[in-house]
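Worksheet: the structure to be examined is printed underneath.
Residue numbers (the working numbering), protein chains in the order written: chain A, 72 to 457; chain B, 72 to 457.
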């Protein structure tokens with residue numbers, strides 16, 4: 072278990088180190104800025120240009136310093152005669168990023184953006200248009216529903232929130248039952264991650280409309296039940312979350328939704344810390360889950376297969392993915408822990424042993440939501456295929 | 072129609088004038104502050120004391136002035152040696168309020184609070200514990216679901232979002248059909264208002280658990296389809312929204328949910344501008360709706376009954392409510408428009424004419440969500456009773 076945690080910390084470090092370049096750039100800024108889809112209704116700023124630079128604007132007439140803080144780099148804004156500050160970031164990767172504004176030393180959300188939960192806070196988020204954004208766009212296709220539910224949890228003595236995606240058609244044929252994917256967010260995020268910045272519902276609506284994925288239910292709940300604190304990952308204990316998920320949430324879903332309530336029709340996946348949770352929970356509960364998805368969150372090696380009883384008989388699908396920038400960082404530093412080299416080698420190895428295993432790399436993205444949206448898009452097309 | 076709009080503007084003025092007292096107070100502050108339920112996870116501040124004062128705190132080491140801005144009054148915070156600013160507001164009414172922070176002239180959300188859409192922006196909101204908060208608390212009772220749906224709208228050429236509350240038990244007995252309430256937010260708010268700050272789902276879960284309300288479906292969608300701008304209420308046109316609601320959303324709900332799809336089982340209600348919309352839509356569509364709820368948003372007079380064909384035969388329930396502080400303000404200024412004196416007199420008059428009409432006043436609350444939570448709580452107990 073400790074090896075997982077160490078790997079997770081290495082990943083976090085790798086993630087951080089990939090984010091320190093932009094500050095040194097000094098280029099001409101292309102003047103083709105447009106308002107961003109993650110702006111609040113009616114707001115012109117922030118804007119993005121074709122280079123992926125963010126331009127933001129805020130009125131702060133009495134301030135001395137205003138900064139835009141995105142991807143761990145701070146950019147100076149400049150003040151005009153009306154006290155309005157404007158400035159832009161370096162080019163950002165495609166997809167979703169968290170950011171904030173600093174006004175005279177106060178770190179605050181940009182009042183013009185929509186707010187998302189990540190990095191342990193509700194705060195500003197921004198969407199850089201991606202070349203492949205079509206797959207998570209809102210289109211004129213049949214739409215599923217994203218449902219907020221509260222399920223009883225004896226182990227935590229609370230009613231706990233989950234979001235449940237039911238596919239288009241769920242309300243039409245009331246005799247049909249569906250497979251279920253349990254899908255987890257990452258460290259410092261919560262159950263809003265996949266429905267909000269992850270766009271899980273739109274990804275599924277579009278895949279189903281194109282006939283590329285089987286319709287299935289997705290259940291998303293809070294995964295940091297052990298209340299792990301920043302720096303406290305060494306003490307990470309899966310037990311509390313496993314109890315909530317396996318003993319409380321799954322039985323609730325099986326009785327309150329038209330779920331195919333058996334191992335062949337139940338999958339689990341997660342991103343980053345949610346990937347580690349997925350690996351820990353599924354390998355201990357192969358009577359409950361048949362498919363495993365790890366997005367930027369570990370790998371399944373030959374040793375894992377060997378050390379887990381009935382793995383080959385019980386596991387129908389293994390899917391491991393990373394952002395391309397994460398893979399680049401892995402190449403630049405020695406690997407250790409459960410990966411046995413790199414995750415692609417692991418997947419090649421277990422594939423040769425007869426496991427239905429897939430490896431995917433999201434082009435030119437880091438430890439961020441664009442990698443995980445693409446990962447879900449790939450994984451969903453492989454799930455529940457028989 | 073113009074009379075409605077003028078009344079609405081008068082209401083807005085009345086609302087504003089009730090909010091300008093706190094600044095002049097200078098009292099001893101009771102030191103029994105506690106963290107607030109609308110704080111972000113793990114945040115100690117903002118806090119509230121037993122007088123209903125808000126104490127907030129923000130780090131802004133290089134700032135010269137930081138203000139807390141709540142209910143249209145600004146309060147100075149003071150800086151400590153670490154650059155952290157702290158200060159408190161005057162006593163606030165029970166219930167939910169929007170607020171913001173000013174840092175050297177920049178109006179920003181408090182980074183410690185959860186965010187809500189109102190006053191035309193996503194921003195900070197705060198909950199003052201109310202003596203009657205039990206009725207909208209999350210309890211260990213059977214819970215319904217709040218579903219995010221997208222319905223096709225030809226008139227606006229978009230897929231439009233709505234939230235649909237389905238009561239506890241909806242997923243159990245798949246033969247049972249339910250009445251439907253269409254429930255609208257106010258000016259500058261959106262479809263998130265009732266599920267978030269309105270707590271419509273918890274109000275219904277609790278009422279149903281106590282056997283005080285019939286289970287019914289609630290549908291909440293965006294009501295400012297005509298994109299009316301601040302100050303542009305004179306040009307308010309109900310037609311676009313009426314088309315979306317009556318011609319597009321209702322048929323979608325009737326075919327995609329197990330709705331009792333007839334006039335006796337369909338109601339509409341709304342707050343403030345949503346009340347005006349409710350009145351305009353229902354009086355023109357009495358073949359579609361049988362029950363009408365206006366929360367801080369107009370009244371139904373004897374003239375309305377007289378001027379609307381078949382009103383007495385078709386309308387099963389009229390419910391009109393206001394916040395107590397709104398009623399106080401009405402007494403202090405001459406009334407005009409469709410009210411014919413005051414809303415209570417209207418309801419007394421139409422009751423005498425044989426209409427099943429109810430008037431409710433929320434004690435000691437203004438044109439705010441606590442008035443509307445209580446209004447829904449009262450209205451729901453009267454709805455669909457036969």
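Think of the CB as a built atom: it goes at the ideal place given N, C-alpha and C, for glycine as much as any other residue.
Note that the structure is a prediction, hence the values are computed from the model and not measured.
For residue i, the first and last residue of its enclosing alpha helix (DSSP H)
{"i": "residue 310 of chain A", "result": "310-313"}
{"i": "residue 340 of chain B", "result": "Here residue 340 of chain B belongs to no alpha helix (DSSP H); instead the beta strand (DSSP E) covers 337-342."}
{"i": "residue 228 of chain A", "result": "Residue 228 of chain A -> no alpha helix (DSSP H), and no H or E assigned at all."}
Extent of the continuous beta strand (DSSP E) to which residue i belongs
{"i": "residue 291 of chain A", "result": "288-292"}
{"i": "residue 429 of chain B", "result": "428-433"}
{"i": "residue 258 of chain B", "result": "Residue 258 of chain B -> no beta strand (DSSP E), and no H or E assigned at all."}
{"i": "residue 145 of chain A", "result": "144-147"}
{"i": "residue 420 of chain A", "result": "Premise fails: residue 420 of chain A lies in the alpha helix (DSSP H), 414-423, not in any beta strand (DSSP E)."}
{"i": "residue 179 of chain A", "result": "177-179"}
Cross-chain neighbours of residue i in chain B, by beta carbon under 8 Å
{"i": "residue 192 of chain A", "result": "111, 182"}
{"i": "residue 209 of chain A", "result": "221, 230"}
Cross-chain neighbours of residue i in chain A, by beta carbon under 7 Å
{"i": "residue 154 of chain B", "result": "176"}
{"i": "residue 135 of chain B", "result": "133"}
{"i": "residue 245 of chain B", "result": "245"}
{"i": "residue 498 of chain B", "result": "With chain B running from 72 to 457 in the structure shown, residue 498 of chain B is simply not present."}
Reduced DSSP secondary structure (H/G/I, E/B, other) of residue i
{"i": "residue 450 of chain B", "result": "helix"}
{"i": "residue 184 of chain B", "result": "strand"}
{"i": "residue 399 of chain A", "result": "helix"}
{"i": "residue 247 of chain B", "result": "coil"}
{"i": "residue 281 of chain B", "result": "coil"}
{"i": "residue 113 of chain A", "result": "coil"}
{"i": "residue 438 of chain B", "result": "coil"}
{"i": "residue 317 of chain A", "result": "helix"}
{"i": "residue 322 of chain B", "result": "helix"}
{"i": "residue 99 of chain A", "result": "coil"}
{"i": "residue 207 of chain A", "result": "helix"}
{"i": "residue 92 of chain B", "result": "With a pLDDT of 37 at residue 92 of chain B, under the threshold of 50, the modelled position of this residue cannot be trusted; read the value that follows with caution. In this structure, residue 92 of chain B counts as coil in the three-state DSSP scheme."}
Bridge partner(s) assigned by DSSP for residue i
{"i": "residue 233 of chain B", "result": "B:220, B:292"}
{"i": "residue 193 of chain A", "result": "A:188"}
{"i": "residue 127 of chain B", "result": "B:158"}
{"i": "residue 140 of chain B", "result": "B:145, B:171"}
{"i": "residue 38 of chain B", "result": "Here chain B has residues from 72 to 457 only, and residue 38 of chain B is not among them."}
{"i": "residue 118 of chain B", "result": "B:106, B:126"}
{"i": "residue 212 of chain B", "result": "Paired residues: none, contrary to the question."}
{"i": "residue 264 of chain A", "result": "In DSSP, residue 264 of chain A forms no bridge with anything."}
{"i": "residue 252 of chain A", "result": "A:289, A:338"}
{"i": "residue 198 of chain B", "result": "B:167"}
{"i": "residue 150 of chain A", "result": "A:156"}
Amino acids of chain A, ordered along the chain, whose beta-carbon sits closer than 8 Å to that of residue i
{"i": "residue 220 of chain B", "result": "214, 216"}
Listed by chain order, chain B residues near residue i by CB distance under 7 Å
{"i": "residue 327 of chain A", "result": "242"}
Contact list for residue i against chain A, beta-carbon separation under 9 Å
{"i": "residue 130 of chain B", "result": "176, 177, 178"}
Distance cut-off 7 Å: residue i Cβ against heavy atoms of the ligand GDP
{"i": "residue 415 of chain B", "result": "Here there are no bound small molecules, and the ligand GDP is not part of this structure."}
CB contact check: residue i to chain E, cutoff 8 Å
{"i": "residue 418 of chain A", "result": "Here chain E cannot be found, since the structure's protein chains are A and B."}
Problem set entry | Ranges of the alpha helix (DSSP H) found wholly within the stretch 324-393 of chain B, counting only runs of at least 4 | 344-355, 373-378, 382-385
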